[in-house]
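**Student:** Using numbering that gives the first Met the number 0, the first residue of the sequence shown is number 0, and each one after it goes up by one. Yeah, the Cβ is synthetic: ideal placement off N, Cα and C, and Gly gets one too. Quantities reported herein were computed from a predicted structural model and do not represent experimental measurements. I'd like to ask you about the structure that follows.
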Amino acid sequence: MLTQSKAAQGPRVAWSRAVTLLPATGRAAVMMLACGVVLGCAPAIETTRPGFMFANGWQTPIKAAPRLMDDRTWWRGFQDQTLDAMILRALHASPDLNAARLRALAARQETAAIQGATTLATGASARASEGRLRSEDRVIGGSGELGILFDPGRGRQAERFGAAAAAALAEAEQSGARLFLIGEISTAYLQLRHSQQRLILAQQEASRQRQMLSLARRLVTEGEGTRIDVLRSEARLAALEAERRELEGLVDTGILRLTVLAGDAPGQLPPDLMAGLRRVAAQPRSTLAPDPLLPADLIRNRPDLRVEEARYDAARAALGAARAALYPSLSLTGTIDAREVRFRGTETRGAVSSLGPTLRLPVLPLRASRAAVDAAESRVEAAHESWTGAVLTALFEVETALLDYSKAAQNEAAIDRAVALQAQARRLSNAAVREGAATLWDLNILDGDLARAEIQQADARLARAQSFVDLNIRLGMGAQPD
Numbered sequence: 000m001l002t003q004s005k006a007a008q009g010p011r012v013a014w015s016r017a018v019t020l021l022p023a024t025g026r027a028a029v030m031m032l033a034c035g036v037v038l039g040c041a042p043a044i045e046t047t048r049p050g051f052m053f054a055n056g057w058q059t060p061i062k063a064a065p066r067l068m069d070d071r072t073w074w075r076g077f078q079d080q081t082l083d084a085m086i087l088r089a090l091h092a093s094p095d096l097n098a099a100r101l102r103a104l105a106a107r108q109e110t111a112a113i114q115g116a117t118t119l120a121t122g123a124s125a126r127a128s129e130g131r132l133r134s135e136d137r138v139i140g141g142s143g144e145l146g147i148l149f150d151p152g153r154g155r156q157a158e159r160f161g162a163a164a165a166a167a168l169a170e171a172e173q174s175g176a177r178l179f180l181i182g183e184i185s186t187a188y189l190q191l192r193h194s195q196q197r198l199i200l201a202q203q204e205a206s207r208q209r210q211m212l213s214l215a216r217r218l219v220t221e222g223e224g225t226r227i228d229v230l231r232s233e234a235r236l237a238a239l240e241a242e243r244r245e246l247e248g249l250v251d252t253g254i255l256r257l258t259v260l261a262g263d264a265p266g267q268l269p270p271d272l273m274a275g276l277r278r279v280a281a282q283p284r285s286t287l288a289p290d291p292l293l294p295a296d297l298i299r300n301r302p303d304l305r306v307e308e309a310r311y312d313a314a315r316a317a318l319g320a321a322r323a324a325l326y327p328s329l330s331l332t333g334t335i336d337a338r339e340v341r342f343r344g345t346e347t348r349g350a351v352s353s354l355g356p357t358l359r360l361p362v363l364p365l366r367a368s369r370a371a372v373d374a375a376e377s378r379v380e381a382a383h384e385s386w387t388g389a390v391l392t393a394l395f396e397v398e399t400a401l402l403d404y405s406k407a408a409q410n411e412a413a414i415d416r417a418v419a420l421q422a423q424a425r426r427l428s429n430a431a432v433r434e435g436a437a438t439l440w441d442l443n444i445l446d447g448d449l450a451r452a453e454i455q456q457a458d459a460r461l462a463r464a465q466s467f468v469d470l471n472i473r474l475g476m477g478a479q480p481d
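Shown next as C-alpha cells:
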C-alpha cells in the first residue's frame, strides 16, 4: 500500500502576506528558534522507489533461471555493416532524437538553476560628469546582499525534487525516442532486405518458367506436348513480371523510408550508404537461441517504466509543495551599500548597512490548503497505480515477445527443411521429365511448390529477425547510449 509518507516536490506556493521585522536581535532570535522547532515537525520528502507486491513471487513460464541481458548494441548480432552504419547515422542526425536530447539538457539545466537556501548578490555603479570651469564630478557606489532562507515546510526541497523528477522524465523520453528510432530503422531495413530477397526469388522462378516454356514449345513441336502447357508457362511468366514491378516499388519505398529515418532528405543519403542499400545482400538472421531466458533488468531498461516512475516522483513533488504551503518561512536578508561622491571639489565617503528578517505566513483559512494536500495525495496514489499497471503491461509484452521469438525460430527451422526437400524433388522431377518418366505438368506443379516454399522461407527469415528486434525493444535494450 502506498502511504502518505511518499512526499513529493513542486514549485513553492505564494504566501498571502509578508511582514518585515526591524533588526531587533531579540525578536529575530525568537523567530529563528520557532522556525527551528517547526522544521523538526515538517515532513521530509522520501526518495523511496515504487514497488509492487508480486515482485518476489513472479516466475517466468520458461522453466529456467533468469539471467541478465544487457546488450546495448544488439543489432550488431545481425552482422550487417550497412545496418550498423544506418543506425549510427540516425542516432547522430535524426531531428526527433536531437530534439529529445535538447529537451533533456534543458531540464537538467533548469534543475541546476534552482537557488539554494543562501544567496549572494553584488552590484556596482559609477557616474561622472564634467562641470563648467570645475574639476570632474563623480559618484561611485557598490552594494552587496546576502540572503538566508529558513524553510520549515521544505518548499525549496520540494522544488528541487520536482525539478529532478522533470529532468528524469525528459531523460526517459529521450531514451524512449532513441529506442523507437533504433526499432524503426531495424524494422525498415529487415523489410527492405525481405523485399529484395522476394525480388530475387521472383527472378529465379521466372528463369525456371522460361526454361519450362522453352521445353513446352519444343515438346509441342515434336508432337509430345500440348498447347495448354505453353499457355500455363506464358501466364505464369506474365504474373511474375507484374510481381517483379511491385517488388521493385517496395524496394524503392524502403530505401526512401530509411533515408528519412536517418535524418536525410530523400535522395540525399551518402553514396556509400545508398550503394549498400541498393546492393543485394542476404537477409539478416538472428543467432539468439530459440529459448532465451527472462531478463532480470527489465525495469531498469524500459524507458516507459522510467517515464511512469518520473511521473510518480513529480506527483510526490507536488505533494511536498502542497504541504509546504501549510508552514511559514523566514528569510534573513542583509545589505551593505558603500558610496564615494565627489562634487564641486568635495569628497564624501560612507556606507549604509541593514539586517532584518522577513516572515511569510500561510494562506488563511487553511481549509483550502489542506484540501490541496488531500488532492495531491490522491494524485500520488494514482501515479503509483499507473506505474504498477505499466509494469504488468511490460511483463506481458516481454513474455509475449519471448514466446513469439521461440515460435518464429522453430518455424524457420521447419521451413528450411521443407525447402530443401522441395528442391530435391524438383531436381528428381526434372530428370524424370527428360527421361519420359514424368510429365511437364508434374514438373510445373513442383516448380510452383518450390517457389511457394522459398517465399515462405523468406517470410520466416523476416519473422524471426523481426521478433528478435521486437524482443530487444520490449526489453528496452539500446535505450541507453553504449
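Is it buried or exposed for threonine 72, if we count other Cβ within 10 angstroms and need 16 for buried?
**Tutor:** Exposed is the call here.
**Student:** May I ask you to report which of helix, strand or coil DSSP gives valine 219?
**Tutor:** Helix at valine 219.
**Student:** What are the boundary residues of the alpha helix (DSSP H) that includes arginine 256?
**Tutor:** 226 to 260 is the extent of the alpha helix (DSSP H) around arginine 256.
**Student:** I think serine 194 touches leucine 246, with their Cβ atoms under 8 Å apart; what is that distance to the nearest whole Å?
**Tutor:** Between leucine 246 and serine 194 the Cβ distance is about 6 Å, and since that is below 8 Å, they are a contact.
**Student:** State the CB to CB distance for the pair serine 377 and glutamate 307, rounded to an integer number of angstroms; the pair is presumed to be in contact (CB under 8 Å).
**Tutor:** With 8 Å as the limit, serine 377 and glutamate 307 do not qualify as a contact, their Cβ atoms being about 17 Å apart.
**Student:** For isoleucine 414, count neighbouring Cβ atoms within 10 angstroms of its own Cβ and tell me buried if that reaches 16, exposed if not.
**Tutor:** Burial call: buried.
**Student:** Please return the same chain residues whose Cβ sits closer than 8 Å to the Cβ of aspartate 95, not counting the five positions on each side in sequence.
**Tutor:** The residues are Ala176, Leu180.
**Student:** Quick one: residues in its chain with C-beta nearer than 6 Å to the C-beta of alanine 164, no 5 flanking neighbours on either side, listed in chain order?
**Tutor:** Answer for alanine 164: Ala309, Asp312, Ala313, Ala316, listed in chain order.
**Student:** Just list the alpha helix (DSSP H) runs in the segment 432 to 481, keeping only unbroken ones of 4 residues or longer that don't cross its boundaries, in chain order.
**Tutor:** Within the segment 432 to 481, the complete alpha helix (DSSP H) runs of at least 4 residues are 439 to 474.
**Student:** Mind checking whether alanine 457 and arginine 235 have CB atoms under 7 Å apart?
**Tutor:** Taking 7 Å as the Cβ cut-off, alanine 457 and arginine 235 do not qualify as a contacting pair.
**Student:** What whole-angstrom Cβ distance do alanine 452 and alanine 408 have, given they're in contact under 8 Å?
**Tutor:** Actually they are not in contact, since the Cβ atoms of alanine 452 and alanine 408 sit about 18 Å apart, beyond 8 Å.
**Student:** Nearest by alpha-carbon distance to leucine 257: which of Gln156, Leu239, Leu191 is it?
**Tutor:** Closest option to leucine 257, Cα to Cα, is Leu191.
**Student:** Can you give me the Cβ contacts of alanine 464 inside the same chain, cut-off strictly under 8 Å, excluding the 5 residues immediately before and after it?
**Tutor:** Around alanine 464: Phe77, Leu189, Gln282, Pro283, Arg284, Ser285.
**Student:** Rounded to whole angstroms, what's the CA-CA distance from glutamine 173 to threonine 392? Just pull it up for me.
**Tutor:** Between glutamine 173 and threonine 392, the C-alpha separation is close to 21 Å.
**Student:** Taking its Cβ as the centre, do 16 or more other Cβ atoms sit within 10 Å of glutamine 290, making it buried, or is it exposed?
**Tutor:** For the sequence presented, residue 290 should be read as aspartate rather than glutamine. Exposed, because fewer than 16 other Cβ atoms sit within 10 Å of the Cβ of aspartate 290.
**Student:** Nearest by alpha-carbon distance to threonine 506: which of Arg153, Ala459, Pro356 is it?
**Tutor:** Past the boundaries of the shown model lies residue 506; the chain is included only from 0 to 481, so the question cannot be answered.
**Student:** Our contact map puts asparagine 410 next to alanine 459 with C-beta atoms below 8 Å; I'd like the distance itself, whole angstroms only.
**Tutor:** Yes, they are in contact, since the Cβ atoms of asparagine 410 and alanine 459 sit about 5 Å apart, within 8 Å.
**Student:** Give the C-beta separation of arginine 209 and valine 219 to the nearest angstrom, bearing in mind that I take them to be a contact with Cβ-Cβ under 8 Å.
**Tutor:** Rounded, the Cβ-Cβ distance is 16 Å, inconsistent with contact.
**Student:** Select from Arg100, Ala99, Leu260, Glu221 the residue whose C-alpha is nearest the C-alpha of alanine 187.
**Tutor:** Nearest of Arg100, Ala99, Leu260, Glu221 to alanine 187, Cα basis: Leu260.
**Student:** At the level of alpha carbons, what is the spacing between glutamine 114 and serine 352?
**Tutor:** Those two C-alpha atoms are separated by around 24 Å.
**Student:** Hey, alanine 323 and glycine 161 are a contact pair by Cβ (cut 8 Å); roughly how many whole angstroms apart?
**Tutor:** Contact doesn't hold; Cβ gap of about 11 Å is too wide.
**Student:** Beta carbon of alanine 171, beta carbon of arginine 305: below 7 Å?
**Tutor:** Yes, the Cβ-Cβ distance between alanine 171 and arginine 305 is below 7 Å.
**Student:** Can the beta-carbon of threonine 110 be found less than 7 Å from the beta-carbon of alanine 166?
**Tutor:** Yes, the pair counts as a contact, with Cβ atoms nearer than the cut-off.
**Student:** With a CB to CB cut of under 8 Å and the five nearest residues on each side skipped, what residues in its chain are close to isoleucine 454?
**Tutor:** Same-chain partners within the cutoff: Arg197, Leu200.
**Student:** Should histidine 383 be labelled buried (16 or more other beta-carbon atoms within 10 Å of its own) or exposed?
**Tutor:** The residue is buried, with at least 16 neighbouring Cβ atoms inside 10 Å.
**Student:** Give the straight-line distance between the Cα atoms of arginine 102 and glutamine 421, rounded to the nearest whole angstrom.
**Tutor:** C-alpha separation (whole angstroms): 56 Å.
**Student:** Checking 7 Å against the spacing of the C-beta atoms, do alanine 437 and alanine 431 come in under that value?
**Tutor:** The answer is yes: Cβ separation under 7 Å.
**Student:** Mapping DSSP to helix, strand and coil, what is glycine 266?
**Tutor:** In this structure, glycine 266 counts as coil in the three-state DSSP scheme.
**Student:** Candidates Trp74, Thr345, Ala320: which alpha carbon is nearest proline 361's?
**Tutor:** Taking only the C-alpha atoms, the option nearest proline 361 is Ala320.
**Student:** Which of the three DSSP states, helix, strand or coil, is assigned to glutamine 210?
**Tutor:** Correct three-state label for glutamine 210: helix.
**Student:** Classify threonine 81 as helix, strand or coil using the three-state DSSP reduction.
**Tutor:** In this structure, threonine 81 counts as helix in the three-state DSSP scheme.
**Student:** Can you find the residues in the same chain that come closer than 6 Å, C-beta to C-beta, to serine 93, ignoring five residues on each side of it along the sequence?
**Tutor:** Leu180, Gly262, listed in sequence order.
**Student:** Taking the alpha helix (DSSP H) that leucine 287 falls in, what are its first and last residues?
**Tutor:** Where leucine 287 is concerned, there is no enclosing alpha helix (DSSP H), given that its DSSP letter is neither H nor E.
**Student:** Please report the distance separating the alpha-carbon of phenylalanine 345 from that of serine 330.
**Tutor:** Per the sequence presented here, residue 345 reads as threonine, with phenylalanine not at that position. Rounded to the nearest angstrom, the two C-alpha atoms are 40 Å apart.
**Student:** Under a three-way DSSP split, which group does threonine 72 fall into?
**Tutor:** If DSSP states are grouped into helix, strand and coil, threonine 72 belongs with coil.
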